[in-house]
Structure formats: C-alpha cells, structure tokens
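Chains A and B, in that order, give the protein sequences.
In terms of my numbering, the first sequence opens at residue 1 and continues consecutively.
In terms of my numbering, the second sequence opens at residue 1001 and continues consecutively.
Since the structure comes first, as structure tokens, the remarks are kept for the end.
There are 2 protein chains.
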Amino acid sequence: MTTTQPVRIDVDVVIVGSGFGALAAAQKLAGTDLGVLVVSKTTEHLFQPLLYQVATGVLAPGEIAPPIRSILGRHKNIDVRLGEVIDVDADAKTVTYRWGDARTVVGYRYLVAATGASQSYFGHPEFAENTFALKTIDDALTLRDHILANFELAHALPSSAERDELLSFVVVGAGATGVELAGQIRELARRYFDSGSGGIPADDVRVVLVDGAPDVLPVYGGKLSEYTARTLRRAGVDVRTAAVVTAVDDEGVELHADGRAARIPARTVVWSAGVEASGFAGVLAAATGCAQDRAGRLLVGDDLTVGGHADVFAIGDMTSLGGLPGQSPVAMQQGRHAACIIAGKTARGTAFRYLDKGSMATIDRFHAVASVGPVKLTGVVAWMMWLAVHLLYLVGFRNRYVAVLSWFGSFVGKNRPHFHLAVPGAQVAEPAESVEVSA
Amino acid sequence: MTTTQPVRIDVDVVIVGSGFGALAAAQKLAGTDLGVLVVSKTTEHLFQPLLYQVATGVLAPGEIAPPIRSILGRHKNIDVRLGEVIDVDADAKTVTYRWGDARTVVGYRYLVAATGASQSYFGHPEFAENTFALKTIDDALTLRDHILANFELAHALPSSAERDELLSFVVVGAGATGVELAGQIRELARRYFDSGSGGIPADDVRVVLVDGAPDVLPVYGGKLSEYTARTLRRAGVDVRTAAVVTAVDDEGVELHADGRAARIPARTVVWSAGVEASGFAGVLAAATGCAQDRAGRLLVGDDLTVGGHADVFAIGDMTSLGGLPGQSPVAMQQGRHAACIIAGKTARGTAFRYLDKGSMATIDRFHAVASVGPVKLTGVVAWMMWLAVHLLYLVGFRNRYVAVLSWFGSFVGKNRPHFHLAVPGAQVAEPAESVEVSA
Chain A
1 MTTTQPVRID VDVVIVGSGF GALAAAQKLA GTDLGVLVVS KTTEHLFQPL LYQVATGVLA
61 PGEIAPPIRS ILGRHKNIDV RLGEVIDVDA DAKTVTYRWG DARTVVGYRY LVAATGASQS
121 YFGHPEFAEN TFALKTIDDA LTLRDHILAN FELAHALPSS AERDELLSFV VVGAGATGVE
181 LAGQIRELAR RYFDSGSGGI PADDVRVVLV DGAPDVLPVY GGKLSEYTAR TLRRAGVDVR
241 TAAVVTAVDD EGVELHADGR AARIPARTVV WSAGVEASGF AGVLAAATGC AQDRAGRLLV
301 GDDLTVGGHA DVFAIGDMTS LGGLPGQSPV AMQQGRHAAC IIAGKTARGT AFRYLDKGSM
361 ATIDRFHAVA SVGPVKLTGV VAWMMWLAVH LLYLVGFRNR YVAVLSWFGS FVGKNRPHFH
421 LAVPGAQVAE PAESVEVSA
Chain B
1001 MTTTQPVRID VDVVIVGSGF GALAAAQKLA GTDLGVLVVS KTTEHLFQPL LYQVATGVLA
1061 PGEIAPPIRS ILGRHKNIDV RLGEVIDVDA DAKTVTYRWG DARTVVGYRY LVAATGASQS
1121 YFGHPEFAEN TFALKTIDDA LTLRDHILAN FELAHALPSS AERDELLSFV VVGAGATGVE
1181 LAGQIRELAR RYFDSGSGGI PADDVRVVLV DGAPDVLPVY GGKLSEYTAR TLRRAGVDVR
1241 TAAVVTAVDD EGVELHADGR AARIPARTVV WSAGVEASGF AGVLAAATGC AQDRAGRLLV
1301 GDDLTVGGHA DVFAIGDMTS LGGLPGQSPV AMQQGRHAAC IIAGKTARGT AFRYLDKGSM
1361 ATIDRFHAVA SVGPVKLTGV VAWMMWLAVH LLYLVGFRNR YVAVLSWFGS FVGKNRPHFH
1421 LAVPGAQVAE PAESVEVSA
C-alpha cells in the first residue's frame, strides 16, 4: 500500500491541521494568488463541540465532520493532503509528511501550524488505559459502541452488582464536553430503556460527573455553574465536585473528596479533564527553538510567530498566549490573523488581539448557559442561542441539511439512529437480497 | 465484561435473525397475545439493498440500518435481545444464545429461523482473504475506508503503475449489488477527484465489473441486461462478462475469458458473486435432521417447517424451496406465512405460495431496470419506481427524514458526507474546544 520514492512539492503556504484554526486560516487565504497546501492527519474537519452527540448515537460522524476537501475543494488555490507531518526544517523551509512509508517533502514560504491538543492525564498516563477519551471521531465511535454493548449485555443479566456496573457511567471533567456527555447519556438511557424492550428501568442507568473544581463548568462559575449543577441533578446525574480521581481500573474509579476516599464501580469511565498540545508541537519546538509550557503548548510571540521565525506561525490549542482559553473562537481568530499577515493585509509583527464574543455550553435538551460580557443567560433562551450558533457554523458546510434534520429528528426528537453493533466474535450473516442473482 | 450464570427465559415464539424475513414475522405477530423474543447477532435491521451506498459514503449506517429495538420496541409483546444462537434442542424446545461467555437459554413453543446467508467463494475460500465482501454494515465501512485510503494515498504518488493499481477497482459478480457498486464507485470518483483538489483526473479511476455469466444482471437477461451493460459502459465502467476469476491476490485478479487468461492489477477486489446459508443453518440441520443443499440452505417443507418439526420454521435466504430467488420479498412473504400459522390464522401444514410482484435494480443516478411480469422498464421511469419502492420501505422506520434527506442531499446531489479517515498509526489530536476549561 506504500511507496518509498519521495515526492517534492513547493507551495507558498503549508497549513498543518484541519481544526477550527487551520480551516479559518485556509478560508482567509482562499481566492488569493498564494498556493496553499493543507496537510492533515484526518480527512475531516471535526466539529468537536458536537462530538458527544456522535458518542451517544444522535448524529453520524459525517454530520459533524465533513471532508476538508468538500469544504475547501472549490477554491482552486488550495489543495488538501492526508498525512502526518513528522519533520520540519525551518532553515531549508520544508516540512515532511508521511502516509505509511510514503514520504512527501513540501517546500514552503510560510508555515501555519494548527494541530490542536490531545487528552492530558495530569501525570497519570495509566489512567488512559482504563478510560475513554472524546477527542476524535474514532474516540466517539469507540465510546458509542461500548455504551451500546453495555446496554445490550445488561439485558442478558439478572439484576445484580455486575449489571449495575455495566449500567454505571463516570464522566471525569465537568467542562462543557463532560457536562454535555453526562446529560446526553441520561437522555439516551431514557430513550433506550423506555422504548418498551428489555424491562430494565431507565433509572438503573447511573451517570456520575466528577470534577476536582468546586463548580461544574468552572470557567463560568457563580449562578451559571449552580444552574448547570441543578439542571444535571434534576436530570438524574450524580454530580461530584471538589472530588479528585486517585485511581482508575476497568471496574471503577477511586475518588478523594472531603478528605474521604470513595469508590464508584463502573465499567465506563470517560476522561475529559485536561489537554496537552499535540505531538507536532514538540517537533516544531525542536525545529525552531521555541519554548513550551508544562502542557507542551508553544509559547508563541504576540504576532503568533514561533521561535522568532517570521515565516512560521502556530495557532490554537497547541499554543499558549496571554492565558487565552483553548476554545475555537480563539483558534479561528488566530488563524485569520496569521493568514492576514501572510497575505500582506496586516503588517508583519502585528500583535494578535482576541475579541471575546462570549461563550456558551448546553446541558441537555432545552437547557444551556451563556455568558456574553456582563450578561448571563440560562434555560431555553440560552439553549436557542446555543442551537443557533452551532447550526449557523454547520450551515457553512454543504452537509447542512443532513445535520439540521438529524438534529431535530434525533436530538430534539426521540430517534437514535446511529447505533449498530454485532456480537463480538460472531460470524455475522445478513440476507443476500440481490447478490445471489449472479450465483 | 461477562457472566457465567445462565439465564432462562420462556416465550411463545423465538425468532432468530433481524433481516427482512425475521422482521416481517415479528411484525405479523405484533399485538397478538403471543410473547415474542427476537434474538439477533446485530442490533440493526439492515436494509441491504442500499448497503453499497454506505460503502461509497452516500449514506450513514444508521440511515439504512435502524436499531431493531426502535422498530419493534413499541410492541409490548415483543422483546429484542442481542446474541448469537449457538445451540438448538428441538425436543426440549430450547435455543441457547451467547454474548461473550454469557449464555441465555430460551424455552419456546415456536421457533422461526431467519439468519440469512453469507458470501460464497465457490470452493475458493482463499479468495476471501484478498477480496472485500459487502454483506454487513462492518463490511461496508471497511470497504469505504479502504476506497478513501486509496484515493488519498494516490495523491501522495506520482503518476505510476502503483498509483494506477490504487485507483483500480474490480467488482466480481454483476448481480444487483455488483452493478450498483460499480456504478457508484465511478460516481464517487467523479465527485471526489473533480472537487478541485489533488489534480488527479477522475478518469484515472478504473472500475471493472466481472461476471461468469454472459450478461450483467443475468436474472433479467435480454433487453434489460443489454441496457444495463450499455449504461455502465457509458458511465466508464469496464464490463467483462463470460469471464471467470481464476485467482486473486492483493495486487489484482486473474481472469479467464474467450479461452485466454488476463490479469487486472487492482488493490481493491470486491466479491459479490455468490451466497451460502449462514452457519446457523448447520446448527438447525443437526438439531432437526433437516437436509441442506450444496450452498448449505435448508430444504424446508412446503409449509416452511424444518425436518418435519411442526413447531420449527425456517425462512428466507437460509432455505431452499422450489427454486425461489433469495430476495427480500420472498423472505418477507415467508415470514408472514410462518407467523400466520403460528398465530392460528392459517391452517397448519398450509403450503407457502410466493406472489411475484416483479423486481428492479438501479444502475446509477436516474438509470434503473424493472421487470413486472411481461412489462420491462428502463431509464428514469424505472429509477423513479426503484426510488419510490425503496423510500416507501425506509419510510416504515422512524429514521425516515434522515434517510430521505441524505438521499436527496447526497445520492442525487453532490455531497458525500460519510467519509472520515485518519493516517494509520498517527497520534490524532484535535482542537480541545471546551475540555480545557476544567483543566
């Protein structure tokens, strides 16, 4: 499946990544006379804020992760390649990306790095082995299949401690992703077990949301955090704040709270508690002499350049700049800033300024919180805002009808179409419908 | 993840399978005073006729494979379990199904077997290792990812014999599935490579359709087969009939045609040329003393009973009865027939009669063939019929809005939303959006 003869391409701008920052930079450069190459490890642009809905069967991957080609394909000055960038030579001004054994060398005039961040386990790498992550489409599909497998297996068991373990879900990290996932798992349990089959009451499904901070959604705090915790508890989520995870194994987690240790038996522990810069940040740091913080984030200049190289930019979650939050609006604005400097629309060395338009998080259907400057909103009003902002973004892509329909059909409605699972190890056979006609 | 203590359930009717026949039988028994348990190896009812569209990214699995629970869940007398039936005791009137190590014993008054068929390689099991099948959702997803990987890898290669191999697709078996898949891969290539990126002309993608019969869609023959071959060739498909596959390796296939041998280099060979009864047919044959044909199909009685057991029925592609075609209408009518006998609406021993309403196959957008008794239809008229019949069936399920919309958005339109892929072995990282707020 691979080749050993390397290919060389020369472009004006190479953008590494396919997230919010990379896409914003590429779109800002669309239609200019600059030749742009986007190199990404995945074919899709992942709309991460809705990834938890893929993990719970509400949306299909394709509905929140359109192929980058289909988004950028119409711009003749932009090409897209699938590959992992493994080397940067900031003096020769080349990056090398791989697919299997195939190597491609790309000569650039400008480099924009936007590879984001991955999960952090706060110095407990062993936690990763016994927890599920929720950072990529594949993470979401793995978690989705696991949830469904536990639901189905529970039907085969009498009421027992083992069945309780199967139906217990611990979500570590009460940020937006953790809060949304906890709420959605409760929602899914209602749909699934109240659908008439199986005879397991939905309330047998236990969802525990854990965070070391005293509040859920600690970034908001105050009334919004209180409202969120209240709403989650009303939905049946067991909220444990100021609780630190001290151990995780495949049958549960150990918590430490109020000076006491507690164990929660659960076959499913989802980790969404921290981030660290992607591995490419290290490659780029070594190539440019740029410093990194404890989370591996690049300490970029005010103008987003890396290690004093005027032609190398890094943006988004792989960077640290003045304590800006690792959120998509920051990455998108940084991407446009770097693109404007490259396109000559903004003077070299111009410092990046973040325009904070506020932030919001959804809790479950019809409940969300939003913070816009001094204005704090909760409930259905905030939820409509959240819905509008997210749909508006997705509408930018050509799969909007699918996303919008599935949304109202599944998320707001009762449908969970995107579950399928086979018995592990079974030889699955399906009706042959039309094949045999040529037999 | 499993238990060793076995659970015993007793029901009036146990239905094994989740295909067209099983579902028709279950729906016929819905609302009766009979307790029905459906045991299936997969959670979904697969609408196999559109599986090729999942393999080519047009539709998401959930759009053609709704969970059986969501279809049958509203009927209080029907329960659904995920498991593989591994044993039948026709005298004790029990079936045993497994999930992992968990065993469940189900006592029944009536057993309906409907587990369908799997791929047959005509005595060349080694072909299976180097070909892709298209029988299950997982088959379709595997093929989909492989097609996309080859398309993407081709971008990393200069024009070369290796690139040609990557972009060559051989479909063995010109039945409905093979014809539809060949047409759809050409369609996909046009969308994918003419989308502006990559600079590979769509015509570099080669699709070869092979069948040992002298015609494509041999079940139709005559004008309809000629029309189909003509339409495929116009779409750029290389049609090779009366050609027998003599060898398959991971770099191509050997054909024998017109007394000459030929080799087609291709990294992708899809096998859709034959079927044999599912493994459960053997289990049931052993338990009931029922005979099987060369393809492992159960030689059931006229009344669909198995091995003379009046309380055991087998239907659909796992059976052979009077040369009926292995198509969904047969399976569905047989399922209803068995259900009517079980429910006492039809006298025991009544022979099954198949009502042939005709059959149809699609070639590509706006082209199909249909045969209804003496009437033969081709072109857009047949295609509209095909569309109507297939939508009508899907509309029976609650995910209709999703399916219908995706259909018009993707199949008829230009969108191919359901592709996503990561570089093999790469540590994929994505923007952290909302997770870090709790870090």
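The beta-carbon is built from N, C-alpha and C at its ideal position, and this holds for glycine as well.
Since the structure is predicted, the reported quantities are computational estimates derived from the model, not experimental observations.
query: Contact set between H155 of chain A and chain B, taken where Cβ atoms lie within less than 7 Å; result: R1081
query: Neighbour list for V1007 of chain B in chain A, Cβ cutoff strictly below 9 Å; result: A156, L157, P158
query: Whole-angstrom distance between A1310 of chain B and G1289 of chain B, CA atom to CA atom; result: 13 Å
query: Reference V330 of chain A; option with closest CA among A:A314, A:A343, A:G344; result: A:A314
query: Coil, strand or helix - S1168 of chain B by DSSP; result: strand
query: Inter-stretch contact (C-beta, 8 Å, three-pair minimum) for the stretch 35-49 of chain A and the stretch 65-76 of chain A; result: yes
query: Pairwise C-alpha distance: F1280 of chain B and I1078 of chain B; result: 22 Å
query: Identified DSSP bridge partners for R81 of chain A; result: A:V39
query: Burial state of S160 of chain A (16 or more Cβ within 10 Å); result: exposed
query: CA-to-CA distance, K376 of chain A to N1130 of chain B, given in whole angstroms; result: 60 Å
query: Residues in the stretch 1042-1062 of chain B having any Cβ partner in chain A nearer than 7 Å; result: T1042, T1043, E1044, L1046, Q1048, P1049, A1060, P1061, G1062
query: Interface partners of W383 of chain A on chain B, CB under 8 Å; result: Within 8 Å Cβ-Cβ: nothing; W383 of chain A doesn't reach chain B, min ~16 Å.
query: Contact with chain B by T104 of chain A, beta-carbon distance below 8 Å; result: yes
query: In chain order, each beta strand (DSSP E) run of at least 3 residues that lies wholly inside the stretch 1219-1245 of chain B; result: 1237-1240
query: is_contact[S1434 of chain B, chain A] using C-beta, thresh 8 Å; result: Confidence at S1434 of chain B is low in this model, with a pLDDT of 29, below 50, so the placement of that residue should be treated as unreliable; the coordinate-derived value is given next. Taking Cβ atoms only, chain A reaches closer than 8 Å to S1434 of chain B, which makes this a yes.
query: Any chain A beta carbon closer than 8 Å to L1148 of chain B; result: yes
query: Given 8 Å, three or more beta-carbon pairs between the stretch 150-166 of chain A and the stretch 16-36 of chain A; result: no
query: Closer than 7 Å: V210 of chain A CB and nearest the ligand HEM heavy atom; result: The ligand HEM is not among the ligands present in this structure, which contains no ligands whatsoever.
query: The stretch 135-145 of chain A touching the stretch 293-300 of chain A, judged by at least three CB pairs closer than 8 Å; result: no
query: Completely contained alpha helix (DSSP H) runs for the stretch 1333-1396 of chain B, where each covers 4 or more residues; result: 1379-1395
query: Residue-chain proximity (E1152 of chain B, chain A), Cβ-Cβ < 8 Å; result: yes
query: Contacts that W1386 of chain B makes with chain A (C-beta to C-beta distance below 8 Å); result: The contacting residues do not exist; W1386 of chain B stays about 12 Å from chain A at best.
query: Given 8 Å, three or more beta-carbon pairs between the stretch 232-240 of chain A and the stretch 369-383 of chain A; result: no
query: Candidates A:G326, A:A242, A:A149, A:G282: closest to V216 of chain A by CA position; result: A:A242
query: CB contact flag (V106 of chain A, V248 of chain A, <8 Å); result: no
query: Residue environment, G1344 of chain B, which counts as buried when at least 16 other CB atoms sit within 10 Å; result: exposed
query: For T177 of chain A, the nearest candidate out of A:D211, A:G199, A:A154, A:I200 (CA to CA); result: A:D211
query: DSSP state of I315 of chain A mapped onto helix, strand, coil; result: coil
query: Anticipated Cβ contact below 8 Å, L1321 of chain B with V1306 of chain B, distance rounded; result: Not a contact, Cβ separation roughly 11 Å.
query: V1244 of chain B beta carbon less than 8 Å from that of V1269 of chain B; result: no
query: Pick from A:R240, A:E226, A:T346, A:I86 that is closest to A113 of chain A, judged by C-alpha positions; result: A:I86
query: Identified DSSP bridge partners for G1252 of chain B; result: B:D1249, B:P1265
query: Whole-Å CB distance - A1156 of chain B paired with T42 of chain A, under 8 Å assumed; result: Their Cβ separation, rounded to whole angstroms, is 15 Å, which puts A1156 of chain B and T42 of chain A out of contact at 8 Å.
query: Nearest-angstrom beta carbon gap, M385 of chain A and L370 of chain A [assumed within contact, 8 Å]; result: Per the sequence shown, the amino acid found at residue 370 of chain A is Ala instead of Leu. So it is a contact: roughly 5 Å between Cβ atoms.
query: Paired residues, beta bridge with I1009 of chain B - DSSP; result: B:V1106
query: Contact between the stretch 1119-1138 of chain B and the stretch 1255-1275 of chain B (3+ Cβ pairs under 8 Å); result: yes
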